[in-house]
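Here's the structure we're looking at; comments come further down.
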């Protein structure tokens, strides 16, 4: 009997901040794996989402948005992007109706000159007027010279199946890289931290969310309940006051919203305790970034 062929490979989702990379990966994997907010630069790590079928496995890699580094944190984020380019079998370059190429953008220049099969993905076409989507597709195609191109709306799930078919055709023949039941390479604690961090992005303005890091220091799971202790680090004492809020109301709201989402994510009762601490200028210091997993 002839053995049935099996396809497997890595797909790196790259592009500028806020073009919908995380929304796209969640749409492709069918699980809410990447942090999604309307604020740019919310994905700080490389997050893998694994989609497996009987004869295929696609390992999606959601990366931080391509930006010009201002902090050591940004340098670390761009290293995640570069490493995802090195082991990719296919690149998905995601853009939208509003993004433009900036002269001297070395990562985009690298993508334009790569030998890796590249798909140009024009996202948010549900918002397009007239020939806006076609014009922008032509604009980016001239810059990155893709092998394939497609227009989608990740939010509306428009053309997601067509994109999946395109990807499957490009996957090499290879055994599965991960057990078929796995959805991600990240531990449960990581998703707790991401969910709390997302609620911080939703509830606070300006620089404060970007100055926050969340660390789960305790994760104890019983049959019916998961007990979680999380520490929220900020860079300055004044930010600690903002996070806590008058009479503790602001941090209480973050806790309530986080707990509700965590209960959906884990399908269990959650007991969540949060503590706010000051770790001065953590985004600029290499040792502190390493401690936070960057």
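Numbering (full-length UniProt numbering), first residue to last: 1 to 294.
Idealized CB from N, CA, C, for every residue including glycine.
State the beta-bridge partners of residue i as determined by DSSP.
{"i": "residue 131", "result": "Note: residue 131 sits in no beta bridge, so no partner."}
{"i": "residue 173", "result": "7"}
{"i": "residue 190", "result": "DSSP, once it has assigned bridges, lists no residue as partnering residue 190."}
{"i": "residue 95", "result": "122"}
{"i": "residue 51", "result": "58"}
{"i": "residue 13", "result": "62, 92"}
{"i": "residue 153", "result": "158"}
{"i": "residue 184", "result": "49"}
Just to confirm before moving on: does the CB-CB distance between residue i and residue j stay below 8 Å?
{"i": "residue 90", "j": "residue 11", "result": "yes"}
{"i": "residue 121", "j": "residue 143", "result": "no"}
{"i": "residue 8", "j": "residue 57", "result": "yes"}
{"i": "residue 150", "j": "residue 134", "result": "no"}
{"i": "residue 24", "j": "residue 159", "result": "no"}
{"i": "residue 16", "j": "residue 95", "result": "yes"}
{"i": "residue 213", "j": "residue 6", "result": "no"}
{"i": "residue 20", "j": "residue 184", "result": "no"}
{"i": "residue 60", "j": "residue 111", "result": "no"}
{"i": "residue 256", "j": "residue 230", "result": "no"}
{"i": "residue 4", "j": "residue 62", "result": "no"}
{"i": "residue 154", "j": "residue 260", "result": "no"}
{"i": "residue 251", "j": "residue 276", "result": "yes"}
{"i": "residue 262", "j": "residue 192", "result": "yes"}
{"i": "residue 243", "j": "residue 232", "result": "yes"}
{"i": "residue 216", "j": "residue 199", "result": "no"}
{"i": "residue 258", "j": "residue 239", "result": "no"}
{"i": "residue 166", "j": "residue 148", "result": "yes"}
Less than 8 Å between the CB atoms is what I'm expecting for residue i and residue j, so what's the real figure, rounded?
{"i": "residue 312", "j": "residue 227", "result": "This structure leaves residue 312 out entirely; the chain is present only between 1 and 294."}
{"i": "residue 116", "j": "residue 92", "result": "That belief does not hold up - the Cβ atoms of residue 116 and residue 92 are roughly 11 Å apart, past 8 Å."}
{"i": "residue 203", "j": "residue 254", "result": "6 Å"}
{"i": "residue 176", "j": "residue 22", "result": "So it is not a contact: roughly 24 Å between Cβ atoms."}
{"i": "residue 156", "j": "residue 126", "result": "5 Å"}
Could you tell me which uninterrupted beta strand (DSSP E) segments, each at least 3 residues in length, are contained entirely in the UniProt domain "KH type-2" (196 to 280), listed from first to last along the chain? DSSP runs (the beta strand (DSSP E)) wholly in the UniProt domain "KH type-2" (196 to 280): 213 to 221, 225 to 234, 269 to 278.
Check whether the stretch 163 to 172 and the stretch 203 to 210 touch, using three or more Cβ-Cβ pairs below 8 Å as the test. Segment contact: the stretch 163 to 172 against the stretch 203 to 210, fewer than three CB-CB distances shorter than 8 Å; contact not assigned.
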